[in-house]
Amino acid sequence: MNSNKKYICIGLIFSGISFLIGQLHIFYIILPDFIKGFLEGFSISLGLILILFGLYCESYDLKKIRNYKSKIFNKVLGK
Numbered sequence: 012m013n014s015n016k017k018y019i020c021i022g023l024i025f026s027g028i029s030f031l032i033g034q035l036h037i038f039y040i041i042l043p044d045f046i047k048g049f050l051e052g053f054s055i056s057l058g059l060i061l062i063l064f065g066l067y068c069e070s071y072d073l074k075k076i077r078n079y080k081s082k083i084f085n086k087v088l089g090k
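Under my numbering, the first residue of the sequence shown carries the number 12, and numbering increases by one thereafter.
This is the structure we're talking about:
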């Protein structure tokens with residue numbers, strides 16, 4: 012499985028987790044409302060970001076992004 016499909020699958024898993032947190036009533040007993048809302052919102056946003064990044068990877072070449080990230084990483088480490 013190539014990387015773009017991995018991003019899409021992981022994004023769908025996070026979206027499914029957020030759906031389960033919202034629908035299962037056992038989380039009302041275990042977690043306070045603030046933590047439940049934070050987990051639900053975080054997993055929804057992370058899932059959508061990963062799905063969109065996977066779709067972006069399918070249509071564009073990522074060599075420029077990879078080179079840019081390595082240049083920034085080398086500047087931060089001072090190599």
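All residues carry an ideal CB built from backbone N, CA and C; glycine is no exception. Being a predicted model, the structure only gives us computed values, none of them experimental.
Please state whether DSSP places residue i in a helix, a strand or coil.
{"i": "L66", "result": "helix"}
{"i": "D72", "result": "coil"}
{"i": "L35", "result": "coil"}
Taking the Cβ atom as the reference point for each residue, do residue i and residue j lie within a distance shorter than 7 angstroms?
{"i": "G65", "j": "I24", "result": "no"}
{"i": "E69", "j": "N15", "result": "yes"}
Give the C-beta separation of residue i and residue j to the nearest angstrom, bearing in mind that I take them to be a contact with Cβ-Cβ under 8 angstroms.
{"i": "I62", "j": "L50", "result": "Actually they are not in contact, since the Cβ atoms of I62 and L50 sit about 18 angstroms apart, beyond 8 angstroms."}
Query raised in the report: Quick check: the stretch 23-30 against the stretch 51-67, are there 3 or more CB pairs under 8 angstroms?
Result: Yes, the stretch 23-30 is in contact with the stretch 51-67.
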